[in-house]
Structures are given as structure tokens and as C-alpha cells.
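Just below is one structure, and these are the notes that go with it.
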Amino acid sequence: MCIFLLATLCVGALVLHSLRMSSQANPIHQAASDLSSAVVLGAMLTGMLLGHWYLTTPTMSIQPLTWFGRALLLAAVFRLIVSVISLVRFGWSATDTTHVLWLSMRLIGGIVVPIVTSLMVVRILRYRNTQSATGVLFAGLILVFMGEMTAALLERDLGIPY
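Next up, the structure:
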């Protein structure tokens, strides 16, 4: 019960912050962007931490880790949809090389990597290999951090939540 209350408070604070801080995007789009970013980062980090727990307790059921792999896929697809809406709605001018590089890093690290990671984790867990799944989640987490940081840089410079 306490964890649900905490999650509700966190989501509420995130939405209120997004509503107050929205720039070029409308507040709902800003909130969806911030929420999708938080869900991708949270699913990847929690899955990786859970995977490390399997290294010390190898007899645990792999269902929770498989569930996080699937949840990560849903979160990454949600993030993809929000980013595509941003690209369609606000467009992209490829005049600044730095912004082009940042957008490439954002799309690869923040969207493609979580989708590929989740598919790999679910497939690896069919063979009950939690150590490999944890390694894939760890590598994916680093790339997702990079992708989300570049999304924050783009939002700061352009005022658009990619």
C-alpha cells in the first residue's frame, strides 16, 4: 500500500512540474514526455537491480525479471510515440550539427536501445540465464542514461521535449 502511495505522489509531482515548466509544447505533451522518460529509466534501472539480486539468489523465479523486460518494452514504445509526436508536431531543422548529433544519440540511446534491450532480455530469460540478462540491462541502462541526457539537452536548447 505504501509503495502505491509513494508512486502516486511521485507521478503527481512529475505532472505538476511538467504543467508548470512546459515551454513550446502544450502541458499535456510535456507531462507525457516527462512521464515516459521516467518510466523508461525506472523500468531499466529496476530491472537491472532485480537482475543483480538473482546473482545472489539464483533459485528465485524468473517471472518478475521477465515482467520487467516486458514492461520496459511497453515503456520504450510509449517513449517512441511521444518522441514521434514531438518530431511531427515541431519538426526538425538540421542546421546545427550539435543538435543533429544530440538527436541521433537521443533516438538511439533513449528509444532504440530500450526496445532492443527488452527483446533481448525476454529472449535470454527463456534459457533462464539471469546473469546475461542482467549484463544486457546494465549496458542498456548506461545507453538510456545517455539518450535521456541528450533529450534533456535538446529540450533545454530548443524548448521541445524530444
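Each residue of the sequence shown is one higher than the last, beginning at -14 in the numbering used here.
Even for Gly, the Cβ is constructed at its ideal location relative to N, Cα and C.
Measuring straight from C-alpha to C-alpha, what distance separates Gln48 and Asp142? 42 Å
Fill in: 6 Å CB neighbourhood of Ser21 in its chain, flanking five on each side removed
Phe63, Arg64 and Val67
Inset, instruction - Check whether the region 130 to 146 touches the region 90 to 98, counting contact only when three or more Cβ pairs, one atom from each stretch, lie closer than 8 Å. - result: yes
**Asked** Thinking just about the alpha-carbon of each residue, which of Phe130, Gln15 and Leu4 is nearest to the one in Ser71?
**Response** Gln15
With a threshold of 7 Å on Cβ separation, who are the neighbours of Val107 within its own chain once the five nearest residues in sequence on each side are excluded?
Thr51, Gly54 and Arg55
*With DSSP run on the structure shown, which of helix, strand or coil describes Trp77?*
coil
- Query: Which residues bound the alpha helix (DSSP H) around Ser21?
  - Reply: Pro12 to Thr41
| Would you call the region 36 to 46 and the region 108 to 116 in contact, with 3 or more CB pairs under 8 Å? | yes
Q: Determine the DSSP secondary structure at Thr(-7), reduced to helix, strand or coil.
A: helix
Quiz item: Rounded to a whole number of angstroms, what is the C-alpha to C-alpha distance between Val148 and His2?
Solution: Absent from the model: residue 148. The displayed extent of the chain is -14 to 147, so no value can be given.
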